[in-house]
Ligand SMILES: Nc1ncnc2c1ncn2[C@@H]1O[C@H](COP(=O)(O)OP(=O)(O)O)[C@@H](O)[C@H]1O
Ligand SMILES: [Mg+2]
């Protein structure tokens with residue numbers, strides 16, 4: 005997949021920007037506060053319908069304006085074009101794909117798959133298990149169109165059961181949600197196991213390994229586990245067993261990354277995991293997701309950077325990468341299509357090659 009054309013209007017500091025990106029690597033450099041992260045945020049809006057950093061969507065609209073608009077033309081491997089548009093006012097959002105209104109932002113992600121790497125991505129090793137599970141869940145969202153449906157049903161059942169346990173509902177009131185929890189939970193569980201196994205095929209070549217630890221004792225079925233936990237769960241008002249408790253352990257050189265890896269190793273590992281995710285999506289769906297990488301120079305030393313950029317270039321993915329200066333871009337050795345843009349005071353300009 006690639007973004008062929010991008011138009012941004014009234015997005016934070018960017019009053020207007022029109023970009024014809026390279027199908028390969030696109031580098032954006034400029035001083036702090038010039039609007040580089042905002043530019044990636046605007047591109048991400050076409051994928052998610054929301055920002056990766058703003059809590060309040062109205063923050064995104066330029067000061068003294070009431071509407072922002074971002075639109076992009078995306079083409080797939082068969083050169084079929086799709087136009088995606090996101091318009092946000094203070095109280096409302098509108099998403100269109102080829103001029104047709106769509107109701108849910110998750111449909112945008114299908115039209116324009118993206119993988120974002122920014123400083124938050126590195127929390128994956130030392131942050132909560134939810135962050136690690138979400139890498140697997142996001143991968144599955146892209147490779148398995150029905151996965152989101154099971155995950156939403158499972159999350160709903162988890163919420164309903166927790167509520168019923170807290171109000172000490174009767175077993176007959178619980179029965180329906182017990183069944184929703186276990187049936188959808190097992191689908192989530194098996195899909196995640198399969199996903200981790202696929203990612204490992206590529207990661208193991210790079211001395212990385214993911215282990216999926218299910219959130220319940222494996223000598224029991226999930227149905228049995230929740231029956232065994234019944235008294236405890238009523239007492240605590242929490243569900244102690246299930247895929248919502250699963251953990252994804254990350255090992256580098258056969259050692260747990262959370263205990264032994266340096267910050268630099270963690271960063272490289274995160275990029276390699278994203279690269280494996282991208283390769284798996286390509287294998288299953290036939291299209292490459294677009295990479296957004298914020299502040300690459302702050303996050304990786306020169307050697308790791310050229311390693312990572314070479315991987316991205318080899319997957320033939322389109323990437324949007326920001327850094328403080330153009331000296332920070334370590335272009336892959338092989339010639340690969342790329343463009344450099346300068347960002348200053350919210351104005352984005354193409355640099356001559
Ligand atoms: N809604 C907004 N309207 C106008 N300017 C904004 C808005 N939101 C943020 N900014 C400005 O954008 C700048 C930050 O841009 P950012 O994309 O984070 O820069 P960079 O990533 O290049 O450091 C700050 O100067 C901030 O004041
Ligand atoms: Mg920034």
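Residue numbers (the working numbering): 5 to 357. Even glycine gets a Cβ: it sits at the ideal position worked out from N, Cα and C.
Through-space distance from residue 252 to residue 135, alpha-carbon basis: 9 Å
Among 126, 80, 314, 140, the one whose alpha carbon lies nearest that of residue 216: 140
Neighbour-count burial assignment, residue 318, 16 or more Cβ in a 10 Å radius: exposed
Terminal residues of the beta strand (DSSP E) in which residue 317 lies: Unbroken run through residue 317 is the alpha helix (DSSP H), 306-318; no beta strand (DSSP E).
contact_flag[the region 220-235, the region 260-267] where n(CB pairs < 8 Å) is 3 or more: no
Segment contact, 8 Å Cβ cut-off, at least three pairs: the region 5-17 with the region 123-137: no
beta-carbon residue 40 near ligand 2 non-hydrogen atom, thresh 7 Å: yes
Distance cut-off 7 Å: residue 103 Cβ against heavy atoms of ligand 2: no
Closer than 7 Å: residue 305 CB and nearest ligand 2 heavy atom: no
Own chain residues within Cβ distance below 7 Å of residue 397, not counting five before or after: No statement about residue 397 is possible, as the shown extent of the chain runs from 5 to 357 and does not include it.
Cα-Cα separation, residue 311 to residue 174: 57 Å
Cβ distance (whole Å) where residue 293 is taken to contact residue 146 below 8 Å: 7 Å
Close Cβ partners of residue 185 (< 6 Å) along its chain, the five nearest in sequence each way excluded: 161, 165
Closest by C-alpha distance to residue 107, when choosing among 119, 121, 91, 122: 91
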